[in-house]
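Some notes on the structure that comes next.
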Amino acid sequence: MKKRLFGLFLSALLTMAVLGGCTDGTVEPSVDHSSKEPTYGGSVVVGIQQDFDSLDPHKATAAGTKEVLFNIFEGLVKPDENGNLMNAIASDYTVSEDGLRYTFTLRENVKFHNGNVVTAEDVKYSLERASGLLDGTPLVSTLRTVTKVDIIDEQTVQVTVGSANAELIYGFVAAIIPAGSGEDATADPVGTGPFSYVSYKPQEGMIVQKFADYWQTGLPYLDEVNFKIVNSPDSALLELQGKTIDVYAYLTDSQAGLLQNDYQVLASASNVVQALYLNNAVAPLDDVRVRRAICYALDRDEINLFVGGGKGTLLSAGMLPTLKDYYVDLNDIYGTTDNQQKAKDLLTEAGYPDGFDLEIAIPSNYEFHMQTGEVIVEQLKAVGINATIQGYEWNSWLEQVYNGRQFEATISGVTSDMTPGYLLTRFQTDSPKNFINFSSPEYDDIFKRAENTMDLKLKADYYAQAQKILCDLAGSAFIQAPANQTAISKKLAGYKFYPVYVQDMSTVYFVEE
Amino acid sequence: MKYLGKKLFTLVMTLFLVSVIAFLSFEIIPGDVVSSILGTEATPEREAQLREELGLNDPPVVRYVNWATGVLKGDLGVSYRYSKNMNEMMPVAELVGDKLPVTLWLAAFSLIMIIAVSIPLGVMWAKSNNRFLDAALNVVTQTTMAIPSFFLGIMVTYIFGILLKWFAPGGYVSYEKDPWGFAGYLLFPALSIALPKIAMTARFLRNSMLKEMQSDYVRTAYSKGATKRKVMYGHVLRNAMIPVITFLGMIIAEIVAGSIVVEQVFGLPGVGRLLISSISTRDFPVVEILILYIAFVIIFVYFLIDILYRVVDPRISEK
Amino acid sequence: MTKRTFPKWNTYTWVGLLMTGLVLLLGIVGLFWTPYSTTQMNAAEIFQGPSLRHLFGTDNFGRDVFSRVMEGLSATILISTVVVLFAAGAGIVIGAFTGYFGGVLDEIVMRITDAVNAFPSILLTLVILSVLGSGRQNLILSLSIVFVPSFVRIVRGEFIRLRDADYIKRARLMGVGRVRILFVHILPNIFSVFWVSVMIGFNNAILAESGLSYLGIGVQAPDATLGNMLADAQGYLQVAPWYVLAPGLTIVWLVLGFSLLSEGIRIGGAQDD
Amino acid sequence: MIKIENLTVAFDGADAVKNVSLELLDGEILGVVGESGSGKSVTALTLMGLLNEEAVVKEGRVIFDGEVIREGGKPLNKALYRKYQGEKMSMIFQEPMTSLNPTQRVGRQVEEMLKLHREMKPAERKDMVLQTFQSVGLKNAEAVYDSFPHQLSGGMRQRVMIAMAVILNPRLIVADEPTTALDVSVQNQIIELLREINKTHNNTMLFITHDLNLAKRLCHRVVVMRDGEVVESGTAEEIFDHPREEYTKRLIEAVPSRMNRKKREIVRVNPVIEVRDLSVFYKEGDNSLFTAGKMRQVVYDANFAIYPGESLGLVGESGCGKSSLSKAILGINQNINGQVEQYTVRPQMIFQDPYGSLNPAKTVGWLLQEPLKAAARMDKTKAMSKSQMEEAAYDMLHKVGMKDKYFHRTPAQLSGGQRQRISIAQALITHPGFIVADEPVSALDVTIQAQIMELMQKLQEEMKVAYLFISHDINVVYQMCDRIMVMKEGRIVEIGDTEEVFTNPQNSYTKDILYLSQA
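Protein chains in written order, with this note's numbering: chain P, 9 to 521; chain S, 23 to 341; chain X, 1434 to 1706; chain W, 379 to 897.
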């Protein structure tokens, strides 16, 4: 596996390493502990794949860091396992009619790990720091529209934003930290979460311990959690077999099979959109017929079978089924198996009856994408397209493909956060993240309308239209949301799957033998 | 004194060259630490802020000079990538100081294994007149040397860890926490490093001894009525060890400087792994120091070998 | 005592020749023909164990491992051969001049090779591969550069040894040109030593390539080399051991064959003296 | 009494010693004389039980004081032999440098004899070693005791070897060419030491040598061997004064002596080379950027000239500057003061070692044509066609007395004498007027030596070439040279007509070496 080298530094684009929420009951624990009583105490080792990019909750961007910091830091609101927001440090909040003013009421007596009670000062400081009001640089980009944070009284904070956005509330998951701690050079991470920070060692991991004064009484169960950085998927398997880790969330399909008897192995859909992303600005991919031909040529059932054991969820546009209010199933448009005749016809029509050469750039540290690439090359060969794989080191891929847009096609995964707009915003013509150079005035128009409405129904409708346009114009050849398989020790129960990228250890407990 | 002066000059020259090459490499390779940290979530503001924080806006020469003067003053700088706490980055000295013992212990363990096994084995092999044993050892050592290092590591893990359960793969414990557990775990990676080197050293020693046994002074020793044993240990071994010392030196340099692959296979948080990960995250301060460390170790070991050579071989010091 | 021009043949030479000959043949045949397609995937045949139909079983895409090993062999052999040719060629030229003439040039070249030697080869490889992009040619180029210093050392040592030989002194007295002395008079005399180091270099190239593949900076799929296959397969060690063992043991076999061959040549050469 | 009876020893199936019988009487020095390959060393090593394992004793017996210690067809009884080795028989080897362990102090190496065979306290052992050192003429015994072999001179090393051999006062001492690697004056001292030991300790000595003069001087009885067989044996007088066998006669005749010398008239005008006030220096230390090499002077103010067709002999001990002088003349060493004027085409050189002076990768034909090619490249007027060159090469091959079939052979397929012929041919093919011959016959057997000297003289007549003939053997020089030049410590101490120098030496050093080399 090539994951060895760079496996530790994956950024938000992680695919296999993504914990996805599956709220529609696809999670079927192989051992049912629900009848058993939770016990308190104990220590658990959780295998994680990435090293920490920062211990500052506002500066951390890597999904692998956020999944752990979730246990230490909390925002005014926080996500639950159903993809909804629940109140955390805020006990309640209201949004003004025009969507420009958010008023939060703070929960009483929420304590930081240092023993201090969270005050309105702390909240104001944290939000100003995250939104860039302190030094001009927004650390949490969703909060960039925040213009003012006011303390109404000791328990109330009002946030004013420059433009209305129904999805902005998701930005308030940003961590609340003690006032001034962002400038204190020697500060250890201090938050209000169920676990408090103990130590961190590069390349080894982070240890956290139970926070006794956690505001949700009864939580957490465990005394200590060791988030241990695992070197590679292969060593993760060995460590699971050697019982040196208790929880690991990023199994490959063959590993899942091996562990079936010794662990509770749970599958869930991830929050990643894997696609053969096509650069819409270069010939011959600038011709919509060619892009459609590629979509017809792919046999996504086969890809799913080969690289994910058939457990992935097939996609046809850039939206995830986990965001169920906004997702439309468009798999019928190009079909889930190959339609070679249609593909060839389209190619002929576009003036490429004999196909063409296509270079697929893939970050080579992602075994999953590399393998997908191997399958796709074979499938494209059948319609005459001579595709080759060019592996890139992750950083080079970022620079040349993602940021530089110097590529023809690439296989990658885009991770979603909780906001439905996140996945679709990048396909606007002038979006800085529009690395595929997708350009459709119609799409831009629809997306703008969706963004500006506070009516969620209407918003969902606009998003559905946008997905249809994206699919119809074959902006890229979308493939799947890969399945995510997690191994959990049989001694543990209470592990919850989230639709976003977190490892919530607060509800995990040892069962009585 | 002059000898020392010359050696010192060579050391400094080489270290300087190495640091420049490393610096230039970082200028050339695509991708930088900023994009590495921010990944796909980069915004222009954050990028600019981070660039400013890390001092990446200065021209390359200024950055190199700043870095070099810092190092000369004993300030190894801070990592671009690893945090010490919420707001501070990890000082390179602390980071490397934390990882170095792992690598050094690993090297020490393997070296002990290599010396403890290969020297008796080489002597026994050279002494033996048994054709079958000779051929068997030849094939076994050749085969050991033909196994790619990571494949050997995987096999060791699989056989000793999964099948025999003599150790828990990945169950590395820090040397501060549990020295015995640490040592017990290190045995197996050390074994994977040592196996091919044992084969190489034993072969080398054996060949060296066979060559020495053709020497005139061996005949002289026999003419005194000495037994083969006395001749071997009293005369041949020391002379045969002279070239072996150089050979061992190369091996020491190799394992102290880079047990990269084995650290990777066994999940040891040593400097080899740190180097690889720091290269891919473009963590320049860490990479520079590690490369200088490796270069220093290599040159220093060769220097020690040179001195040892003078001790063992009286002919050299006279020249 | 008469001296043979060719080293004496012994068991090592024969066994080594047999072993390398077999895999070389497989590799060469693999360039033109394999029993099955090396890329065609077959969902029905995933992870079939070794059988008469699939000698080394099948992989995670249902491809025939034996066919892929054949293809990988030819790629590995090609890469290693080119690397060694390049490195040895450069080693001869640089080593010859520095060894024979010595002086400031020698001092500079030795300092540079010292620096390259003291420089982690993986970093060097990564730098070159990052600058040029990954791929076969660039891997060859970077490995070659990493391998040059060792050849320079060997060649240089031999030229230093021979530059004061009586017959070279005589050649100088005759007025033979310097370049001719280097390459016509001295060079043929270092071949026995050189040949052995070429073989060792060949083996090191194979092992280095597989090591780089393991670290993820080697040749990329689907361009199979043995090292690359081994690195890809190791995740399936417990599911499909044959998939790992096939390329792994082929590497061992190939390297062992060359080691035995060079051992045979070395012993044969020693017996001649 | 020590006896070797009907000994046959084979290597690789070929008999190296055939049916040899020797008898050593108590107190005598028995010389075994022969050229290389005569089996003399193999006989001695068999006697000592030191043959390596490839050798097979097919037949015969070795009897030591009535006990059979080695018998044909049986393997070596190592345990039995160890009782004799060191205690009752010991050996002195040819190369004291390599025969001593380079990494052990010599005192300890001699002491090992005592450790192996005597129960003694360490202090007693050391005393005894020091005493023995003094008895073999090592003056500063304490210092020698603590020295490593490389810190001693050649003569001292051989004395250490002798001390080792005599310390247990064995019945038999085998000396295998003990003086060959040494300078004449030291050689003489060692011979005298051996003679003295033989007299005082009255032990038996087997003295192996290729040098007939030495045998004549030292031995009571002499055995002549050839191709593994004994040719003739008898008392020293019988053998040297009344040889019966043809081979013995030839051997004795081949030894250069002051008898057979052709006199020639040389016209000394227009020298081929003229040397004026030549001083030669050597760089010390390694050639690096950091150490500006120190210069050591090795030749002081040499003045001489050599004329066409003349042979000038250069005599001196090792390290006296002979080789440095010759290299300076040829321009190999450029660190000189003074002048060297050449009046001929590129002078060539013939070296001592016939194995090292021909490129082993090439054929004889190529080696002979290479000088022509080189000459043509430097001077276009000398360009020759391929066939012309080949013809010249064959011609030269014939001139040095070799047949056409050797044209395509490599040096490895030639004997030492043949190689030296090719060397000469290669040096002469471009018709240089002057050649430096550095010990050209020293490494050769006497009979071959005579042939080569004859060849060189013949070619000198034919080609009018001048030789600077360097040798440590003054008798060889006497036979070869018209004039003689004696060097000591970098200075030419005497130069003059050969007859005159020999009959009436002016310098005391010249007198010494003339005396020492008298048989």
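Using N, Cα and C, we set each Cβ at its ideal position, and we do this for glycine too.
Bear in mind the structure is a predicted one, so any value in this text is a computation, not a measurement.
Cβ shell of residue i (< 6 Å), same chain only, five flanking positions each side left out
i	result
residue 315/S	none
residue 195/P	189
residue 1499/X	1488 and 1489
residue 383/W	399, 438 and 439
Minimum C-alpha distance to residue i - residue among the options
i	options	result
residue 494/P	486/P, 487/P, 48/P and 504/P	504/P
residue 275/P	410/P, 305/P, 298/P and 320/P	320/P
residue 65/P	154/S, 171/S and 108/S	108/S
residue 845/W	805/W, 823/W and 880/W	805/W
Residues sharing a beta bridge with residue i, DSSP
i	result
residue 164/P	113/P and 161/P
residue 449/W	439/W
residue 247/S	In the DSSP output, where bridge partners are listed per residue, residue 247/S has none listed.
residue 94/P	86/P
residue 1621/X	In DSSP, residue 1621/X forms no bridge with anything.
First and last residue of the uninterrupted beta strand (DSSP E) at residue i
i	result
residue 367/P	365-371
residue 104/S	100-105
residue 276/P	271-277
residue 720/W	714-720
residue 518/P	517-519
residue 283/P	280-286
Chain X residues whose Cβ lies nearer than 7 Å to that of residue i
i	result
residue 242/S	Those within 7 Å of residue 242/S in chain X number zero; the least Cβ separation is about 22 Å.
Cβ shell of residue i (< 7 Å), same chain only, five flanking positions each side left out
i	result
residue 1593/X	1532
residue 532/P	Here chain P has residues from 9 to 521 only, and residue 532/P is not among them.
residue 139/S	220
residue 122/P	186 and 198
8 Å Cβ shell around residue i - same chain, five flanking residues per side excluded
i	result
residue 626/W	602, 609, 610 and 617
residue 145/P	none
Cross-chain neighbours of residue i in chain S, by beta carbon under 7 Å
i	result
residue 250/P	183, 190, 191, 192 and 193
residue 116/P	Within chain S, no residue comes near residue 116/P; the closest Cβ sits about 26 Å away, beyond 7 Å.
residue 1692/X	164, 167 and 168
Proximal chain P residues relative to residue i, where beta-carbon distance stays under 8 Å
i	result
residue 214/S	Within chain P, no residue comes near residue 214/S; the closest Cβ sits about 14 Å away, beyond 8 Å.
Chain W residues whose Cβ lies nearer than 7 Å to that of residue i
i	result
residue 1496/X	Simply none; closest approach about 50 Å.
Residue i: contacting residues in chain S (beta-carbon distance under 8 Å)
i	result
residue 533/W	Those within 8 Å of residue 533/W in chain S number zero; the least Cβ separation is about 18 Å.
Listed by chain order, chain X residues near residue i by CB distance under 8 Å
i	result
residue 258/S	Those do not exist, as residue 258/S stays about 18 Å from chain X at its closest Cβ, beyond 8 Å.
Where residue i meets chain X, residues with beta-carbon distance less than 9 Å
i	result
residue 571/P	In the structure displayed, chain P extends from 9 to 521; residue 571/P sits before or after that span and is not available.
residue 492/P	Within 9 Å Cβ-Cβ: nothing; residue 492/P doesn't reach chain X, min ~17 Å.
residue 420/P	Per Cβ cutoff of 9 Å: no residues; residue 420/P is ~15 Å from chain X at best.
Alpha helix (DSSP H) segment containing residue i, residue limits
i	result
residue 1522/X	1498-1534
residue 306/P	Taken as a continuous stretch (DSSP letters only), residue 306/P belongs to no alpha helix (DSSP H), as it is neither H nor E.
Residues that residue i contacts on chain S, provided the C-beta gap is smaller than 9 Å
i	result
residue 60/P	104 and 105
heavy atom of the ligand MG below 8 Å from residue i C-beta
i	result
residue 865/W	Looking at this structure, you won't find the ligand MG or any other ligand, since it has none at all.
Residue i: contacting residues in chain P (beta-carbon distance under 9 Å)
i	result
residue 135/S	Those within 9 Å of residue 135/S in chain P number zero; the least Cβ separation is about 22 Å.
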